[in-house]
Amino acid sequence: MENRKWWQNTVVYQVYPKSFADTTGNGTGDIQGILGKLDYLESLGVGAIWLTPVYSSPMVDNGYDISDYCGIDPSYGTMEDMEELIRAAKEHGIRIVMDLVYNHSSNQHPWFQESCRSRDNEKSDWYIWRDAKPDGRPPTNWRGIFGGSAWTWCEARQQYYLHTFAEQQPDLNWENPEVRQALYDAANFWLDRGVGGFRIDAITYIKKPGEFLDGEPDAADGMVSVHAMTANTKGILEFLHEFRREVFDGHDIFTVAEANGVGPAELSDWVGEKGAFDMLFEFSHMCLQFPEVETWCKECPWKLTDLKRALSDSQKATAKNGWYPIFFENHDQPRSVNQFFPHGGDKKLAAKAIAAVLMTLRGTPFVYEGQELGMENVAWDSIDCYDDISSHGQYELALQEGFSEREALSFVHTYSRDNARTPMQWTAERNAGFTSGKPWLPVQEGYASCNAAVEDGDPDSVLNWYRRLIQWRQGNEAVLCGAYEELLAESEEIYAFFRSSGNRKVCTVVNFSLQEIPFPDILPKGARRMFGNYAEEKEGCLRAQEAVIYEVQE
Ligand code: GLC
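Numbers in our numbering are just positions in the sequence shown, counted from 1, shifted up by 46.
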């Protein structure tokens with residue numbers, strides 16, 4: 047691949063600003079906090095920061111409910127801070143990637159405020175309004191993604207509006223060209239300020255079906271997930287192509303869209319030359335427990351072969367067309383050490399094993415804040431300790447399904463989005479050095495040893511493992527663009543694959559089990575061990591959670 051773009055050779059780091067670094071002592075992170083950590087991010091070797099929303103917001107969903115697409119929320123700072131961040135990051139070789147939340151706005155957005163006032167104002171069809179059923183019930187039995195009906199009644203209009211997520215996040219009406227233009231204008235505003243790309247939120251929901259019909263209930267509440275009824279509706283690609291033409295084309299940026307509901311088989315319509323985006327976050331490898339609907343209390347067991355199949359399918363689907371964003375964590379997911387090693391084991395070995403896969407698959411790796419330290423899940427005593435709106439919805443749903451409070455809480459422990467949102471662990475000092483005040487979420491217990499300062503000075507730390515892997519990766523053609531070939535596809539213990547370019551090969555071998563097993567006969571002659579999460583090699587076997595990366599020159 048001769049003409050690779052900058053973002054195909056880079057590693058992206060996701061910052062969740064509320065939890066990253068607080069400079070004011072108010073307990074929530076801010077843009078100045080990010081500015082203060084640019085040296086750290088440069089030393090990690092990343093070339094872009096995906097910044098989750100910092101726009102003006104009532105913060106019902108931590109900024110995914112936007113009330114001004116071109117304004118900065120005062121809790122994060124000012125527009126000057128943001129401009130400074132874009133400029134200073136560039137000096138560190140880092141581009142800033144903004145999050146576009148375009149399926150919905152906040153209900154406090156002036157557009158919605160006007161839309162809900164009457165049925166005949168200028169913005170009256172900027173959102174999705176429908177009459178009640180004859181008996182007054184919502185137009186359909188769709189359940190919002192955070193629980194409860196996806197419809198909320200508006201007294202002034204005597205109508206319901208649709209919200210795929212919380213009731214404070216009304217869905218925008220993409221059928222209206224004025225709405226689309228307003229959204230494109232906002233994205234262009236950020237391009238003019240020099241951002242390096244966009245992550246596009248919840249994009250699979252923007253197109254609604256022609257007819258709104260009740261669905262077969264999927265739980266005891268008599269409702270069906272709105273996801274099943276509206277995700278990836280036919281006709282969506284037309285909107286997306288227009289979006290690309292009006293905003294992205296002609297800029298040296300990348301786009302990565304969150305596309306729940308688009309499987310590997312459809313990837314080529316969505317990404318690449320004919321697609322709308324450069325990359326797509328699809329979730330087939332992240333939702334192994336939820337093959338159908340993400341209802342936490344309906345989790346299913348998964349096997350390593352399920353994970354490998356999902357990853358290999360995505361690798362194959364983007365082999366010739368498009369590009370893959372490799373990720374095992376983000377602000378909506380549990381910590382990867384818990385998610386992918388659910389039966390325990392050593393968390394440091396686990397963190398390094400996941401990093402070995404992340405850094406050697408084909409695509410652009412995305413590292414979520416704290417992942418590079420090996421941060422873990424939390425388990426708080428009561429649902430009241432949780433901030434995450436979806437944790438509350440899922441907890442209620444579990445109770446409705448007949449689970450006890452203790453059981454409902456255990457699902458929250460495993461899947462809560464707060465697992466990923468606890469403060470970033472900078473030092474072993476109070477509040478992990480995140481804030482001098484009271485952090486908005488408690489700090490995770492393990493911070494005394496799992497923090498950036500301690501790990502910086504420990505050559506064997508997860509942090510230094512990430513740094514070395516990233517540095518090595520940047521100069522390795524086989525890893526950057528080589529072909530992917532899975533080995534031992536049927537193994538329930540080992541994930542192994544080759545990446546090959548010309549006469550060079552890289553081979554990644556990871557034992558996901560907690561047992562020592564014989565080393566498989568897969569390595570070509572002359573393979574050199576480049577990285578291992580155990581200090582020394584042990585002839586003939588792979589130890590519990592062992593991860594090794596080899597290089598071969600033929
Ligand atoms: C996406 C975001 C998530 C948010 C939701 C609604 O899934 O990643 O954090 O709650 O969209 O905007």
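Ideal Cβ placement from N, Cα and C applies to all residues, glycine included.
When you compare each of the options to residue i by their alpha carbons, which one comes out closest?
{"i": "Asn234", "options": "Thr186, Ala535, Val302 and Arg290", "result": "Arg290"}
{"i": "Ser195", "options": "Asn187, Ala202 and Glu201", "result": "Asn187"}
{"i": "Trp426", "options": "Ile540, Gln440, Gly420 and Ser462", "result": "Ser462"}
{"i": "Met128", "options": "Arg165, Ile191, Asp238 and Glu224", "result": "Asp238"}
{"i": "Leu208", "options": "Val100, Ile191 and Glu284", "result": "Ile191"}
{"i": "Lys344", "options": "Thr351, Asp352, Gln335 and Leu350", "result": "Gln335"}
{"i": "Glu224", "options": "Trp157, Tyr432 and Ala305", "result": "Trp157"}
{"i": "Ala67", "options": "Leu395, Tyr59, Gln78 and Glu221", "result": "Gln78"}
{"i": "Asp177", "options": "Arg189, Asn153 and Ala202", "result": "Ala202"}
{"i": "Tyr148", "options": "Gly109, Val57 and Gly492", "result": "Gly109"}
{"i": "Gly93", "options": "Gly117, Ile132 and Lys64", "result": "Ile132"}
{"i": "Asn367", "options": "Ala356, Glu491 and Val317", "result": "Val317"}
{"i": "Val308", "options": "Ala529, Phe294 and Met325", "result": "Met325"}
{"i": "Phe228", "options": "Leu445, Tyr512 and Trp172", "result": "Phe is not the amino acid found at residue 228; the sequence shown has Ala there. Per the Cα distances, Trp172."}
{"i": "Ser330", "options": "Leu313, Glu319 and Lys320", "result": "Leu313"}
{"i": "Ile568", "options": "Pro485, Gln561 and Ala535", "result": "Ala535"}
{"i": "His150", "options": "Leu218, Trp175, Ile95 and Pro347", "result": "Leu218"}
{"i": "Phe386", "options": "Cys200, Phe449, Ile140 and Asp352", "result": "Asp352"}
{"i": "Ser482", "options": "Val270, Pro337 and Thr70", "result": "Thr70"}
{"i": "Arg226", "options": "Phe211, Met332 and Leu286", "result": "Leu286"}
{"i": "Glu338", "options": "Lys320, Lys280, Ala322 and Ser271", "result": "Ser271"}
{"i": "Ser436", "options": "Arg189, Tyr115 and Lys280", "result": "Arg189"}
{"i": "Tyr414", "options": "Gln379, Gly123, Glu539 and Asn55", "result": "Gln379"}
Does DSSP put residue i in a helix, in a strand, or in coil?
{"i": "Ala67", "result": "coil"}
{"i": "Gln599", "result": "strand"}
{"i": "Ala474", "result": "coil"}
{"i": "Ile252", "result": "coil"}
{"i": "Pro485", "result": "coil"}
{"i": "Cys496", "result": "coil"}
{"i": "Tyr580", "result": "coil"}
{"i": "Leu569", "result": "coil"}
{"i": "Lys280", "result": "coil"}
{"i": "Ala303", "result": "strand"}
{"i": "Met125", "result": "helix"}
{"i": "Gly79", "result": "helix"}
{"i": "Asp378", "result": "coil"}
{"i": "Asp502", "result": "helix"}
{"i": "Asn384", "result": "helix"}
{"i": "Lys394", "result": "helix"}
{"i": "Ser161", "result": "helix"}
{"i": "Arg176", "result": "strand"}
{"i": "Phe558", "result": "coil"}
{"i": "Cys200", "result": "strand"}
{"i": "Pro411", "result": "strand"}
{"i": "Ser25", "result": "Any property of residue 25 remains undetermined from this structure, which presents the chain solely from 47 to 600."}
{"i": "His287", "result": "helix"}
{"i": "Gln335", "result": "coil"}
Thinking residue i and residue j are a contact (beta carbons under 8 Å), I'd like their distance in whole angstroms, please.
{"i": "Phe300", "j": "Phe373", "result": "Incorrect: roughly 14 Å between the Cβ atoms, too far for contact."}
{"i": "Leu146", "j": "Ile246", "result": "5 Å"}
{"i": "Ser152", "j": "Ser89", "result": "Going by Cβ atoms, the distance from Ser152 to Ser89 rounds to 36 Å, so no, they are not a contact pair."}
{"i": "Thr341", "j": "Ala265", "result": "6 Å"}
{"i": "Gly243", "j": "Val100", "result": "In fact, because the Cβ distance is near 15 Å, the residues do not count as touching under 8 Å."}
{"i": "Thr554", "j": "Ile516", "result": "Not quite, the Cβ-Cβ distance comes to about 15 Å (not below 8 Å), so this is no contact."}
{"i": "Lys394", "j": "Val508", "result": "6 Å"}
{"i": "Asn384", "j": "Glu422", "result": "6 Å"}
{"i": "Ser547", "j": "Glu523", "result": "5 Å"}
{"i": "Leu443", "j": "Gly193", "result": "6 Å"}
For a quick check, are the C-beta atoms of residue i and residue j less than 9 Å apart?
{"i": "Tyr614", "j": "Glu292", "result": "This structure leaves residue 614 out entirely; the chain is present only between 47 and 600."}
{"i": "Asn72", "j": "Ser121", "result": "yes"}
{"i": "Leu588", "j": "Pro566", "result": "yes"}
{"i": "Cys458", "j": "Gln440", "result": "The question names Cys, but residue 458 in the sequence shown is Val. Yes, they are a contact pair."}
{"i": "Arg480", "j": "Trp518", "result": "In the sequence under discussion, the amino acid at residue 480 is Phe, which differs from the Arg named in the question. Not closer than 9 Å, so no."}
{"i": "Pro469", "j": "Val489", "result": "yes"}
{"i": "Tyr62", "j": "His377", "result": "yes"}
{"i": "Arg513", "j": "Gly91", "result": "yes"}
{"i": "Ala590", "j": "Asp392", "result": "yes"}
{"i": "Glu304", "j": "Thr250", "result": "yes"}
{"i": "Gln520", "j": "Asn497", "result": "no"}
{"i": "Lys254", "j": "Glu221", "result": "yes"}
{"i": "Gln54", "j": "Cys431", "result": "no"}
{"i": "Gly416", "j": "Ala474", "result": "no"}
For residue i and chain B, any beta-carbon pair shorter than 9 Å?
{"i": "Ile249", "result": "This model lacks chain B altogether; it includes just one protein chain."}
Inset, instruction - Just jot down, in chain order, the residues whose CB lies closer than 6 Å to any heavy atom of ligand 1. - result: Asp107, Tyr110, Val147, Phe211, Asp247, Ala248, Glu304, His377 and Asp378
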